[in-house]
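A short write-up of the structure that comes next.
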Amino acid sequence: MAHWTVDEPTKIDFDGVVALKANIVAGTVSVLPSSDRPTLHVSEISGHPLEVTHRAGMLSITQKSSGVEGVLRWLQNTRGRTSITITVPEDCPVTLNLVTANAVITGMSGRVSVRTASGDVTLDGVTGSIDANTATGAIEAQGLAGSMNFNSVSGDLAVAHGVVERLSAQSVSGRITTDVDLRDAAGVQIRTVSGEVTMRLPKSTSAKVALTSVGGRIDAAFDGLGKDERPVGKSVSGTLGGGAASLNVNSVSGAITLLSRPDPEALKREGAHDR
Amino acid sequence: MSPVFGHGRLRLYLLKLLEESPRHGYEVIRLLQDRFLGVYSPSPGTIYPRLARLEEEGLVTHEVLKGKKVYRLTDAGRAELERRMDELAELEDELTESVRDIAREVQEDVRDTVRSLREELTHAAREMRKQGPAGASQNLKESTQRQKDEWRRQKEYWKDQKRSWKEEWRHTWEDAWATATGSQDDAARVKMDRALRKFVEEVREASQDGLDEEQLTRTRELLAETSKRIRAEILHTDD
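For the record, the sequence lines run as chains G and C. Residue 0 is where the first sequence starts when you use numbering that gives the first Met the number 0, and the numbers rise one by one after that. Residue 0 is where the second sequence starts when you use numbering that gives the first Met the number 0, and the numbers rise one by one after that.
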């Protein structure tokens with residue numbers, strides 16, 4: 000087991016990392032994939048020192064504090080900031096527990112789990128399964144592939160350009176915006192109280208769709224969808240194409256908008272040609 | 000696109016990658032993505048013409064193996080690389096130092112994308128409502144008793160939901176502050192996860208070209224048996 004106590008900007012590298020866990024209060028934590036030696040760059044640190052432990056391939060980075068009391072003290076003085084960047088193998092699972100800190104994660108293919116209260120979560124090209132939870136922080140992502148689970152109370156969720164196998168998103172008042180392709184047999188489940196939901200799907204999408212809202216407006220740009228007369232609230236549902244995937248959106252008062260875009264097929268074919 | 004490559008540096012880096020070993024174009028692209036932490040993803044349209052140019056200049060040559068062009072460095076290419084060794088070392092240094100900048104760039108890039116996506120979708124939604132396509136539904140004005148009940152039901156659901164989130168947050172805190180390091184148990188679970196993922200990927204890839212009913216049935220049987228045996232013989236959780 001190797002252990003470091005870090006209280007100034009530095010760089011540490013490690014033999015091999017099979018899992019990463021970081022508990023940081025304020026600042027920024029970035030995780031990048033690299034096939035070189037795993038490295039921790041500490042570019043800014045204030046407040047408690049960082050405790051870095053590397054044991055049996057598990058890399059753990061924790062800003063030391065004594066229990067909940069320590070957290071409270073930290074919350075009262077959020078000027079303390081720690082900025083770290085960690086490079087690990089791309090398939091390394093990542094767990095980040097943050098308070099006001101932001102998280103930036105790019106290119107990882109393993110399991111990614113991020114919790115932050117008021118920090119923002121930025122995901123780019125993450126192909127593993129993702130679990131992101133925030134209270135007020137925004138979750139912004141592009142180029143995702145695979146399975147995602149997003150929860151936020153008032154933070155906005157946005158996913159641009161991605162391929163979804165499973166997407167589950169819940170918010171109380173946060174807006175939910177997605178522009179993704181659905182894999183065959185993909186499952187999408189979105190729930191919100193008052194957040195606006197705006198989704199765009201390719202024209203050729205094959206999915207069973209159900210959009211329901213108690214009081215919010217529903218608009219859908221697909222011809223295959225029809226309005227259901229329901230005793231309560233309103234619903235737009237139907238089957239697009241063969242109905243391979245499923246899409247459920249449920250809101251209390253948030254508006255739901257489903258848009259379509261031209262198919263990426265033509266572009267895809269071109270891309271495959273080049274290989 | 001990241002500004003890491005200016006002034007013919009991509010060219011230099013291509014030579015370096017081919018010096019390590021002969022490679023085909025797609026491999027070069029993948030290695031570049033790797034090296035630039037997924038931030039710089041060169042398209043085939045960027046790389047192939049450059050490889051062709053290097054070939055014209057006599058710095059690389061190619062042979063066709065299994066239908067793929069495999070590029071290798073020529074002596075002239077090696078000499079060129081030798082001559083620019085200092086520049087290459089400098090480039091490597093910058094790449095290492097730029098890790099932090101890359102993270103910042105990723106953040107800005109994703110923010111920009113999300114911002115413009117929101118604008119685009121807002122605009123598209125407005126257009127759609129103007130045209131009023133089939134399926135677009137209008138606001139219902141009436142409010143019935145049943146509607147009120149539905150509101151109440153939804154409110155209850157979210158109250159529960161909030162409670163469970165709060166609970167979860169408490170657990171997160173205990174997690175975050177009590178456990179500084181992962182245990183052996185965690186490490187094993189991680190490895191198990193990885194093995195399972197690899198298995199799924201392999202089988203999915205192998206079955207990409209379609210399955211008939213019989214293949215599907217046999218696969219199912221085999222999977223069920225495997226799962227049962229793992230649980231009973233190895234994990235002893237089957238009852």
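Every residue gets a Cβ at the ideal spot worked out from N, C-alpha and C, and that includes glycine.
For residue i, the residue or residues it bridges with in DSSP
i	result
I255 of chain G	G:V196, G:I217
W3 of chain G	G:V51
E139 of chain G	G:T121, G:A157
R114 of chain G	G:N96, G:N132
Y47 of chain C	According to DSSP, which records beta bridges pairwise, Y47 of chain C is partnered with nothing at all.
R260 of chain G	G:P201
R22 of chain C	C:Y70
T211 of chain G	G:S234, G:N249
L19 of chain G	G:L58, G:V93
L90 of chain C	Answer is none; L90 of chain C lacks a bridge partner.
L64 of chain C	C:K67
A206 of chain G	G:L239, G:A244
Boundaries (first-last residue) of the beta strand (DSSP E) holding residue i
i	result
Q169 of chain G	156–170
G225 of chain G	224–227
A185 of chain G	175–191
A102 of chain G	101–105
K10 of chain G	9–12
K234 of chain C	Per the sequence shown, residue 234 of chain C should be read as Leu rather than Lys. Where L234 of chain C is concerned, there is no enclosing beta strand (DSSP E), given that its DSSP letter is neither H nor E.
S59 of chain G	57–62
P32 of chain G	26–32
E43 of chain G	38–43
T238 of chain G	233–239
T86 of chain G	81–87
G145 of chain G	144–151
Any non-hydrogen atom of the ligand FAD closer than 7 Å to residue i Cβ
i	result
Q32 of chain C	In terms of ligand content, the structure shown is empty, and the ligand FAD therefore cannot be addressed.
Span of the alpha helix (DSSP H) around residue i
i	result
P212 of chain C	Per the sequence shown, residue 212 of chain C should be read as Glu rather than Pro. That run of the alpha helix (DSSP H) goes 212–228.
L58 of chain C	Careful: L58 of chain C lies outside any alpha helix (DSSP H) and carries neither H nor E.
D208 of chain C	That residue, D208 of chain C, is in no alpha helix (DSSP H); it is neither H nor E in DSSP.
A75 of chain C	74–82
Among the options, the one whose alpha carbon lies nearest that of residue i
i	options	result
R216 of chain G	G:R114, G:G223, G:S252	G:S252
R151 of chain C	G:L181, G:G232, G:G145, G:K226	G:G232
V248 of chain G	G:S259, G:R260, G:G194	G:G194
P92 of chain G	G:V98, G:D12, G:M107	G:M107
R184 of chain G	G:A168, G:M198, G:T204, G:V171	Arg is not the amino acid found at residue 184 of chain G; the sequence shown has Ala there. Among G:A168, G:M198, G:T204, G:V171, the Cα nearest to that of A184 of chain G belongs to G:T204.
S82 of chain G	G:M147, G:H2, G:G26, G:G173	G:G26
V179 of chain G	G:V208, G:I60, G:V158	G:V158
A194 of chain C	G:S146, G:G109, G:S172, G:D14	G:G109
R10 of chain C	C:L50, C:I101, C:G24, C:Q214	C:L50
H23 of chain C	C:L72, C:R8, C:G57	C:L72
G214 of chain G	G:S234, G:P48, G:V125	G:S234
T94 of chain G	G:G124, G:S128, G:R80, G:G46	G:S128
N150 of chain G	G:T133, G:L166, G:V187	G:T133
G240 of chain G	G:L246, G:D218, G:A206	G:A206
L53 of chain C	C:R230, C:E62, C:G76	C:G76
D14 of chain G	G:A21, G:N22, G:A1, G:P8	G:A1
L120 of chain C	G:G242, G:V5, G:A220	G:A220
R196 of chain C	G:D90, G:V17, G:D35	G:D90
D100 of chain C	G:S42, G:S170, G:R182, G:G124	G:S42
E104 of chain C	G:L224, G:G186, G:S29	G:S29
D12 of chain G	G:R182, G:G173, G:V98, G:S33	G:S33
L82 of chain C	C:K15, C:Q106, C:Q153, C:S206	The amino acid occupying residue 82 of chain C in the given sequence is Arg; Leu does not appear at that position. Of the listed residues, the one whose Cα sits closest to R82 of chain C is C:K15.
D85 of chain C	C:D208, C:R8, C:T236, C:K227	C:R8
T45 of chain C	C:L64, C:Y25, C:V63	C:Y25
M127 of chain C	G:T177, G:I138, G:R165, G:D218	G:D218
V98 of chain G	G:A209, G:S153, G:L58, G:G136	G:G136
Residue-chain proximity (residue i, chain B), Cβ-Cβ < 8 Å
i	result
T4 of chain G	Included in the structure are the protein chains G and C, with no chain B among them.
*the segment 134–152 of chain G: positions lying closer than 8 Å to chain C by Cβ*: Residues A134, E139, A140, Q141, N150, V152.
*Residues in the segment 111–134 of chain G having any Cβ partner in chain C nearer than 7 Å*: Within the segment 111–134 of chain G, contact with chain C at the beta-carbon level (separation under 7 Å) is assigned to R114, T121, D123, G124.
*Just by C-beta distance, which residues in the segment 104–117 of chain C are closer than 8 Å to chain G?*
V105, Q106, D108, V109, R110, T112, V113, L116, R117
*Of the residues that make up the segment 184–217 of chain G, which ones have a beta carbon closer than 7 Å to any beta carbon in chain C?*
Within the segment 184–217 of chain G, the residues whose Cβ lies closer than 7 Å to some Cβ of chain C are V192, T197, R199, V213, R216, I217, listed in chain order.
*Determine which residues of the segment 81–103 of chain G have a Cβ less than 9 Å from any Cβ of chain C, and write them out in chain order.*
Answer set for the segment 81–103 of chain G: S82, T84, T86, E89, D90, C91, P92, T94, N96, L97, V98, N101, V103.
_Where the segment 78–92 of chain C meets chain G: residues whose CB sits under 9 Å from a CB there_ = none
*Which residues, in chain order, does the segment 205–224 of chain C contribute to contact with chain G at a C-beta distance below 9 Å?*
none
_At a CB distance below 8 Å, what residues from the segment 23–55 of chain G approach chain C? Give them in sequence order._
Across the segment 23–55 of chain G, CB contacts with chain C closer than 8 Å involve T27, S29, L31, P32, S33, S34, T38, H40, S42, E50, T52, R54, A55, in sequence order along the chain.
*Mind listing which residues of the segment 45–76 of chain C have their C-beta closer than 8 Å to chain G's C-betas, in chain order?*
Correct list: Y47.
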